[in-house]
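Q:
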Amino acid sequence: MNKTVLAFALAASSLVASPAMAANLLPDASQVQFTAIDAATRGTLLASTETGTTGATTYSGFLRSAVYLNTLGTLDFYYQVAINSINPGDEVFNLTASNFMGFTVDALVDGTDFDGAGIFTAANNPNLQGPAGSTTTASRNGSGSVVRADFGANGLEGAGQTSATYIFRTNATNYSLGGTFTTQDGSVAQRPNFQPIAAVPEPATWAMMLVGFGAIGASMRRRRRASAKAMQFA
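Residue numbering for the sequence shown follows the numbering used here, starting at 145 and increasing by one per position.
1. Out of GLY187, ILE311 and THR193, state which residue places its alpha-carbon closest to the alpha-carbon of GLY262.
2. Where DSSP assigns a beta bridge to ASP220, which residues make up the other side?
3. By Cβ distance, which residues of its chain are closer than 6 Å to THR324, with the 5 residues on each side in sequence left out?
4. What is the residue span of the beta strand (DSSP E) that GLY196 lies within?
5. Once you ignore the five residues that flank SER198 on each side, which residues in its own chain have a CB closer than 7 Å to its CB?
6. How would you call SER174, buried or exposed, if buried means at least 16 neighbouring beta carbons within 10 angstroms?
7. So who's on the other strand from ILE341, going by DSSP bridges?
8. In chain order, what are the residue ranges of uninterrupted beta strand (DSSP E) at least 3 long that sit wholly in the segment 237 to 296?
9. Mapping the DSSP letters down to three states, classify ALA374 as helix, strand or coil.
10. Closest to ASN214 by CA distance: which of THR195, ILE230 and LEU190 is it?
11. Using DSSP with H/G/I as helix, E/B as strand and the rest coil, what is ALA180?
12. Can ILE227 and GLY205 be called in contact, C-beta distance under 7 Å?
13. Report the rounded CA-to-CA distance for ASP250 versus ASN238, giving the unit in angstroms.
14. Quick check: the segment 298 to 316 against the segment 219 to 234, are at least 3 beta-carbon pairs closer than 8 Å?
15. Below 8 Å on the Cβ atoms is my guess for VAL236 versus TYR212; work out the distance and round it to an integer in Å.
16. Using DSSP with H/G/I as helix, E/B as strand and the rest coil, what is ASN96?
17. Name the residue from ALA167, THR265, LEU216 and ALA200 whose alpha carbon lies nearest to the alpha carbon of ALA208.
18. Classify GLN339: buried if its beta carbon has 16 or more other beta carbons within 10 angstroms, exposed otherwise.
19. Is THR240 closer than 7 Å to VAL290 when the C-beta atoms are compared?
20. Return the chain-ordered list of same chain residues with a C-beta closer than 8 Å to the C-beta of LEU272, the five sequence neighbours on each side being excluded.
21. Here's the rule: buried if 16 or more other CB atoms are within 10 angstroms of the residue's CB, otherwise exposed. What is GLY196?
22. Helix, strand or coil, according to DSSP, for THR201 in the structure here?
23. Could you tell me whether any Cβ in chain D is nearer than 7 Å to the Cβ of ASP254?
24. Nearest-angstrom Cα distance between THR326 and ASP234?
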């Protein structure tokens, strides 16, 4: 077996052995398929919140969000919508969340009651069990700040229906309560949510940066002195 064939065989075997990658959600992306989360990577719950649908005029229910530290060492942001009541003919057709600008985002989904007695519940939408299965896709706006789950045929239009839990996996390592979590139908309901924020250097990191800046400055001073001496003897 020559080296080319061996390299191809190794690459093929690694693809077979590797788990499916998450659906990467680039800025200005649309109709990206959500990937089922690998439960082994879920990690640890850091914070969660559940509020009523303040601002909605056609339905009532709950907006749920949470942030997890996954086993990769970065943060995942979770979102779910649950309907208590909704006007006949109306439908909740998407959810959006911000602010994700400057971060990588992967689109994951979980339809189970993964947190037991926690705020999230198993998806309870008849369309998810229908012939079409899940039709929900992920999108991200041009600046990258807003991510969205478009329910498609899985829109919520009946009392007691609950969306799957949509998860946006990022490379962030810090978060804050800010941005917005929004649902849309004929009206709009929104609330603050957990969002990724840029990491703040720890004191030790600041010290290392200052030492580095000092070394650069000393190096520049030495170069200037050497240049001055060279000019004197020229």
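Note that beta-carbon positions come from the ideal geometry of N, C-alpha and C, so glycine has one too.
A: Quick look at the numbers:
1. Within the sequence shown, residue 262 is the residue found at index 118, counting from 1. Closest by alpha carbon: THR193.
2. Here residue 220 refers to the residue found at position 76 when the sequence shown is read from its first residue. ASP220 is bridged to TYR212 and ARG313.
3. Taking the first residue of the sequence shown as 1, we reach residue 324 at position 180. SER242 and GLN334.
4. Stepping through the sequence shown from its first residue, residue 196 is reached at position 52. Unbroken beta strand (DSSP E) run through GLY196: 188 to 196.
5. Taking the sequence shown and counting its residues from 1, the one referred to as residue 198 is at position 54. Residue 198 is actually Thr in this sequence, not Ser. The beta carbon of THR198 sits closer than 7 Å to those of ALA333 and ARG335, all from its chain and outside the five residues before and after it, given in chain order.
6. Taking the sequence shown and counting its residues from 1, one reaches residue 174 at position 30. With fewer than 16 other Cβ atoms within 10 Å, it is exposed.
7. For the purposes of this step, residue 341 is identified with residue 197 of the sequence shown, where counting begins at 1. The partner list for ILE341 (beta bridge, DSSP) reads ASN318.
8. Listed in chain order, they are 238 to 242, 249 to 254, 281 to 284 and 290 to 294.
9. To locate residue 374, count along the sequence shown from 1; it is residue 230. For ALA374, the pLDDT reaches just 49, beneath the cut-off of 50, and the residue's location in the model is therefore unreliable, leaving the point undetermined.
10. For the purposes of this step, residue 214 is taken as the residue at position 70 of the sequence shown. Minimum Cα distance to ASN214 is reached at LEU190.
11. Translated into the one-based positions of the sequence shown, residue 180 becomes position 36. DSSP places ALA180 within a strand segment (E or B) once states are collapsed to three.
12. What you label residue 227 is simply residue 83 of the sequence shown in a count that begins at 1. What you label residue 205 is simply residue 61 of the sequence shown in a count that begins at 1. Cβ atoms of ILE227 and GLY205: closer than 7 Å.
13. Counted from its first residue, the sequence shown places residue 250 at position 106. Counted from its first residue, the sequence shown places residue 238 at position 94. Going by the C-alpha atoms only, they are around 18 Å apart.
14. Here the segment 219 to 234 makes contact with the segment 298 to 316; the two share three or more CB pairs at distances below 8 Å.
15. As a working note, residue 236 is residue 92 in the sequence shown. As a working note, residue 212 is residue 68 in the sequence shown. The C-beta distance from VAL236 to TYR212 rounds to 24 Å, too long to meet the 8 Å contact threshold.
16. Because the chain here runs from 145 to 378, residue 96 falls outside it and cannot be looked at.
17. For the purposes of this step, residue 208 is taken as the residue at position 64 of the sequence shown. Correcting the residue type first, residue 208 is Arg in the shown sequence and not Ala. Among ALA167, THR265, LEU216 and ALA200, the Cα nearest to that of ARG208 belongs to THR265.
18. Here residue 339 refers to the residue found at position 195 when the sequence shown is read from its first residue. So GLN339 counts as buried.
19. The sequence position of residue 290 within the sequence shown is 146, counting from 1. The sequence position of residue 240 within the sequence shown is 96, counting from 1. Contact: yes.
20. By 1-based counting over the sequence shown, the position of residue 272 is 128. When the five nearest sequence neighbours on each side are left out, the beta carbons in the same chain lying within less than 8 Å of the beta carbon of LEU272 are those of GLY255, SER278, ASN298 and ALA308, in order along the chain.
21. By one-based count along the sequence shown, residue 196 stands at place 52. Counting Cβ neighbours within 10 Å, GLY196 comes out exposed, since fewer than 16 surround it.
22. As a working mapping, residue 201 is identified with position 57 in the sequence shown. In the structure shown, THR201 sits in coil (DSSP, three-state: anything other than H, G, I, E or B).
23. Chain labels in this structure do not include chain D; a single protein chain is all it has.
24. Within the sequence shown, the letter at position 182 stands for residue 326. Within the sequence shown, the letter at position 90 stands for residue 234. Take the alpha-carbon of THR326 and the one of ASP234: they are about 16 Å apart.
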